[in-house]
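What follows is a single structure, written as structure tokens, with notes after it.
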Amino acid sequence: MELDVLSTPGHLISLAARGFARLSEARLKPLGFGVGHLPVLVALRDGQASNQRDLARFARTEQPPMAQMLARMERDGLIARAPDPADGRSSRITLTETAQARLPDAIATLLRGNQEALHGFTDAEAGQLVDLLTRLIANLDQVASAEA
Numbered sequence: 002m003e004l005d006v007l008s009t010p011g012h013l014i015s016l017a018a019r020g021f022a023r024l025s026e027a028r029l030k031p032l033g034f035g036v037g038h039l040p041v042l043v044a045l046r047d048g049q050a051s052n053q054r055d056l057a058r059f060a061r062t063e064q065p066p067m068a069q070m071l072a073r074m075e076r077d078g079l080i081a082r083a084p085d086p087a088d089g090r091s092s093r094i095t096l097t098e099t100a101q102a103r104l105p106d107a108i109a110t111l112l113r114g115n116q117e118a119l120h121g122f123t124d125a126e127a128g129q130l131v132d133l134l135t136r137l138i139a140n141l142d143q144v145a146s147a148e149a
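See below:
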């Protein structure tokens, strides 16, 4: 029996991801954020990155798209750049007060959207879904690394 390509995990996860992205974009826009900003905002808030290279690594993206996003975020007053005293070729990136003030509302908005999307799931099912997706992402990362 041939597997229906529209019922594969890859396709269904893609549909779910697009649904989450549409919902999140619409809800974050009034706060001045986009879905793509979230890894940068969280990394800077938590002190896990402070330059473009580290932010790209944290967000699992390439440097050119990260540079473009950071330029837009700087233009929109969400981040500030200053020379890195440890590396003259690099800039230290920080959140502006505006971004810091809006971030809790953005996180609450995203968490509410996740709760709504998981309506009817038990806590155990939601936890299992997170565990399964985490394992899937690790497998995909491993496959991509092996092919690189």
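Following this note's numbering, the numbering of the sequence shown begins with 2 at its first residue and continues without gaps. Where is the CB? At the ideal position from N, CA and C, for every residue including glycine. Please read all numbers here as calculations on a predicted model, not as lab measurements.
Asked                                                                                                                        : Found
Residue burial classification, Ala-102 (beta-carbon count within 10 angstroms, cutoff 16)                                    : exposed
With 16 other Cβ atoms within 10 Å as the buried cut-off, status of Phe-34                                                   : buried
Nonlocal neighbours in the same chain, by C-beta distance under 7 Å from Gln-49, ignoring five residues either side          : Phe-59
Extent of the continuous alpha helix (DSSP H) to which Gly-11 belongs                                                        : 10-29
Boundaries of the beta strand (DSSP E) in which Thr-95 is found, first to last residue                                       : 88-96
Chain-order list of residues whose beta-carbon lies under 8 Å from that of Leu-56 (same chain, five-residue window excluded) : Pro-40, Val-41, Ala-44, Leu-45, Ala-50, Met-67, Leu-71, Ile-94
Distance between Ala-27 and Leu-96 (C-alpha atoms, nearest Å)                                                                : 22 Å
Where Ser-15 falls, given that 16 or more other Cβ within 10 Å makes a residue buried                                        : exposed
Arg-82 (DSSP reduced to helix, strand or coil)                                                                               : strand
Buried versus exposed, by CB contacts within 10 Å (16 or more), Ala-107                                                      : buried
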